[in-house]
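Here's the structure we're looking at; comments come further down.
Numbering (our numbering), first residue to last: 19 to 321.
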């Protein structure tokens, strides 16, 4: 569910902008993103279809139909990394049950932040989910370059699914707990050229940093892959910390079908034993007469 917490009309982003972000997530996590061709050939074989998909909820926590978009007007000028955004009484929006929903808050975030998320092992109470600035959510509308292709949400959901930054996040040449991401000294920005920093961290890795990984800090246009190792870690996080996400129908909604009774039984068509429609009625051949009331008669004309 996407909670749009807005003060100005510009911050109240459109449904189309929100849907564009859902589209990006599905492309990136299923590796159908058009820029996958930019992954260096040395890493194409480990670039993963994570087999994780996203949708806007069609059923809320009470079982009612919803668009999956919750719009809340606020008096807050901006939000930081405190809990205000997660609480309606503090000017934000209350979260939906995090066992069943990924809560995404979109707001005017404080300068210097694009977004942040709660790793599953550390944060399973109120506020579980991610917070993203309205200028960095989706790929249309209010988004601002160079963070205008929806990769902030791709990155933050990676954290929500237990991924660390590719450089390890803590100090130089850290460990992201994933075997197939090469060690790198620190984060990368902008849009570097490949190879970058060969043999970093006292390794013999001539390919250098995997700066195009979604868990680095490069520009949106330069990100294009998760690895198989990251996929394994994300799926393990879902199984361990978010198992309800594996078995629910909150995206399907309910469909009402009106039934109109036919007052007059009329023939729709005649088919033969192979299901082919026929207009003539040959003798000594079984034919099936299909009517608009759902009934079927089998007939054979004998001469």
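Quick reminder that beta carbons are idealized off the backbone N, C-alpha and C, glycines included.
Roughly how far, in whole angstroms, is the beta-carbon of residue i from the beta-carbon of residue j, given that I think they are within contact range, below 8 angstroms?
i, j, result
"residue 25", "residue 77", "About 29 angstroms separates the two Cβ atoms, so there is no contact after all."
"residue 372", "residue 159", "Any property of residue 372 remains undetermined from this structure, which presents the chain solely from 19 to 321."
"residue 66", "residue 246", "5 angstroms"
"residue 138", "residue 178", "7 angstroms"
"residue 42", "residue 123", "About 17 angstroms separates the two Cβ atoms, so there is no contact after all."
"residue 126", "residue 95", "7 angstroms"
"residue 47", "residue 80", "Their Cβ separation, rounded to whole angstroms, is 29 angstroms, which puts residue 47 and residue 80 out of contact at 8 angstroms."
Report the option in the options whose CA atom is closest to the CA atom of residue i.
i, options, result
"residue 241", "247, 147, 233", "233"
"residue 113", "156, 157, 88, 128", "88"
"residue 207", "181, 165, 198", "165"
"residue 172", "218, 28, 79, 252", "252"
"residue 209", "188, 229, 37, 127", "229"
"residue 62", "198, 202, 221, 259", "198"
"residue 254", "238, 237, 180, 220", "180"
"residue 227", "176, 200, 220", "200"
"residue 55", "35, 239, 128", "239"
"residue 193", "211, 28, 149, 219", "219"
"residue 224", "202, 110, 85, 237", "202"
"residue 39", "168, 212, 235", "168"
"residue 57", "108, 217, 259, 211", "211"
"residue 90", "52, 270, 83, 104", "104"
"residue 250", "36, 176, 29, 27", "176"
"residue 270", "27, 182, 28, 82", "82"
"residue 185", "260, 235, 52", "235"
"residue 49", "182, 216, 64", "64"
"residue 350", "100, 161, 217, 52", "Residue 350 lies beyond the stretch modelled for the chain, which goes from 19 to 321, so this question has no answer here."
"residue 149", "100, 183, 37", "100"
Please confirm whether residue i and residue j have their CB atoms less than 8 angstroms apart.
i, j, result
"residue 163", "residue 147", "no"
"residue 75", "residue 264", "no"
"residue 190", "residue 170", "no"
"residue 121", "residue 266", "no"
"residue 243", "residue 231", "yes"
"residue 156", "residue 131", "no"
"residue 174", "residue 133", "yes"
"residue 72", "residue 116", "no"
"residue 119", "residue 19", "yes"
"residue 102", "residue 111", "no"
"residue 196", "residue 258", "no"
Where do the ends of the beta strand (DSSP E) carrying residue i lie?
i, result
"residue 150", "148-151"
"residue 23", "20-24"
Tell me the residue span of the alpha helix (DSSP H) that contains residue i.
i, result
"residue 87", "Here residue 87 belongs to no alpha helix (DSSP H); instead the beta strand (DSSP E) covers 87-91."
"residue 42", "33-47"
"residue 207", "From DSSP, residue 207 is part of no alpha helix (DSSP H); its letter is neither H nor E."
"residue 252", "246-259"
Uninterrupted beta strand (DSSP E) stretches inside the stretch 147-198 (no shorter than 3 residues) = 148-151
For the stretch 115-144, which segments carrying the beta strand (DSSP E) assignment without a break, of at least 3 residues, lie completely within its bounds, in sequence order?
-> 122-125, 133-135
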